[in-house]
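Each remark here refers to the structure printed beneath this line.
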Amino acid sequence: MAHGTAADILITIKKRRMKTNKLYIGLFLLMAVMGCKKSELEQSVPDQLTVDNFWINKDRALSGLSAAYSQLEGFVGWDNYVEARSVREFYREDYVVPGADAFNYPWWTEHYNFEFTSGNYAVDLLWRENYRGINFANQVLENVGKMSAAAIDDAGRKQILAEAKFLRAYYHFKLLTNYSKVIIRDKVPTSEADLSKGFSERAEVYGFILKDLQEAEPDLPLRSARPATELGRVTKGAAQAYLGKVNLYRVSDDQANAATYYTEAAKWLEKVILSNEYQLDNNFLGMFNGTTKNSTESIFELQQTSDASSGAVYRSYLSDWVAASELGGYGEIYGTPALLTEMLKEGKIANGNYDVRVYQTMYFNDAYFNDTTTPRVYGSTYNEIFGATAKTIAFRKWIPAGPDRIGFSNAINVPLMRYADVLLMYAEVLNEQQKSGDAVTWINKVRGRAGLPGVSLSGKAPVFEQIIHERVMEFTLEGSRFYDLRRWGLLAQKMQAAGRKFSADKAFYPTPLKETTNNPSTP
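Residue 20 is where the sequence shown starts when you use the working numbering, and the numbers rise one by one after that.
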């Protein structure tokens, strides 16, 4: 069950560095303490960390917070991450197909075929690791608030608590978007009753998430106020962006109150825009190949590093999975002809090429990639790599700038929330509020970054279709498509069009078997 035993709470915390802040080795002991019986805690062991003697100063508070951040990575195996994105998550999208090697891993292809069950390893992993993140956040919230004024300054305390609240909300939202039934964990479990807590109503979980985000937002700094040593930590803009996103996603759960949620979503997304803290990055590809980290477009980004000097090595496996076998990767995932058709449907622009986002998202057999004067596939042409008659649609997103970095040693950051997403969500909200003309303004802003002319559209339906298209152009292979189709009510239709196996009961993951077995309140 989630946090069911001391073993669940006692985890191997990796040495994550939030730039200047490292996890203390003592956190290993702290997690053990959290799983101990009261009688064990009462024994006097001078050199052992306890709840009382760990939370003694700001550095320790930051270490506890770092543990909560560490679950954004949540690495428990070469093919299993909580949030670092994986082909497993992408397989539920309609525009991808598995590569040959993927069939060696049935717990992956079960996602592509929508055959996953409650016993699927990845279904259990996502549940377990997100609840661990929640547990860490709860430890911060319960203990930092009790620290004395002498131990931590008031401003520092407020900011740390705000970050922990954001992370607790984030992990709950990740669970809510993947499982139809989840459990609100708002405190560190201390009794069997806590551990055996039952499911919460989805409306209640949405309310809990929004409350945490709203309470966090005032005490979080603007991006511009964060020093370079704190890149990757939560900002006010991140809280506002997710307040917009959570409200927008809530519409599909409660259509009767859609107008209220659209109003709230617009309010928070507007705050991000009016803050002038973010702008679209003209180097689109750089955000996904490691050359541009924490760009002006980044609102919330998972940090990766291959610098082992501090013991904090966080590396992405994505390039090895996503890169075609012809490029030195395992070739676990490829695009479909339907994806290429969608991305090319507006035709070529004035420079004789297609939308730049097409070329920066994937490699395909086209004059652009076969230009011998400017070889664009790692110094070669597409034909030289894949063959003159090949129809392979190989992804370029998540592939490092140099072929020598394909593999398990690259450190490509993972953008979790981009300004482009804020603009397109805002356009979607405006369109739903019958403000299609205003929505087009923000659509065109995103298109402008790609060097495209603006579109002239009127009416809700045409604007909505354009938003669908723009989200494909922007967010292919970023883990957005499946959730978009589901909340729009288009999932079954699009899967059928793609010739995929799908049934309505696979729109969400089932509760993991381990949870239903160990927790009598989760039948």
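Don't be surprised by glycine CBs; every beta carbon is placed ideally from N, CA and C. Values in this document were obtained by computation on a predicted structure and should not be read as measured data.
Runs of alpha helix (DSSP H) lying entirely within the region 259-346, each at least 4 residues, in chain order
277-293, 305-308 and 337-341
Sufficient close CB pairs (3 or more, under 8 Å) joining the region 101-120 to the region 175-187
no
Which residues in the same chain have their Cβ closer than 6 Å to the Cβ of Asn162, if we skip the five residues on either side of it in sequence?
Trp74
Please identify the residue among Gly467, Phe527 and Glu451 whose C-alpha is closest to the C-alpha of Thr274.
Per the sequence shown, the amino acid found at residue 274 is Gln instead of Thr. Closest by alpha carbon: Glu451.
Identify whether Asn40 lies in helix, strand or coil by the three-state DSSP scheme.
Because the pLDDT of Asn40 is 35, which lies under 50, any placement of that residue in the model is unreliable, and the question is left without a value.
Cβ contact check for the region 475-492 and the region 352-362: 3 or more pairs under 8 Å
yes
Taking a contact to mean a Cβ-Cβ separation below 8 Å, would you say Gly118 touches Ile352 in this structure?
yes
Taking Arg187 and Asn157 to be in contact with their CB atoms under 8 Å, please state how far apart those CB atoms are, rounded to whole angstroms.
7 Å
Three-state secondary structure (DSSP) of Leu186
helix
Enclosing alpha helix (DSSP H) for Ile203 [first to last residue]:
Taken as a continuous stretch (DSSP letters only), Ile203 belongs to no alpha helix (DSSP H), as it is neither H nor E.
Per-residue burial, Phe494 [other beta carbons within 10 Å of its own, 16 or more giving buried]:
buried
For Phe122, count neighbouring Cβ atoms within 10 angstroms of its own Cβ and tell me buried if that reaches 16, exposed if not.
exposed
Rounding to the nearest angstrom, what Cα-Cα distance links Gly350 and Arg415 in this structure?
12 Å
Apart from the five residues on each side of it in sequence, which residues of its chain come closer than 6 Å, Cβ to Cβ, to Ile404?
Glu345 and Val396
Rounded to a whole number of angstroms, what is the C-alpha to C-alpha distance between Ala526 and Arg269?
15 Å
What is the DSSP secondary structure of Pro434, counted as helix, strand or coil?
strand
Which residue from Glu211, Glu220, Ala183 and Ser215 puts its Cα closest to that of Ser199?
Glu220
C-beta atoms of Leu250 and Asn295 nearer than 8 Å:
no
Among Asp143, Leu144, Leu145 and Arg107, nearest to Trp127 - alpha-carbon criterion
Arg107
Expressed to the nearest angstrom, what Euclidean distance is found between the alpha-carbon atoms of Gly508 and Ala523?
11 Å
Under a three-way DSSP split, which group does Met381 fall into?
strand
What did DSSP end up calling Ala413 once you bin it into helix, strand or coil?
strand
Nearest-angstrom Cα separation, counted from Phe303 out to Gln379:
7 Å
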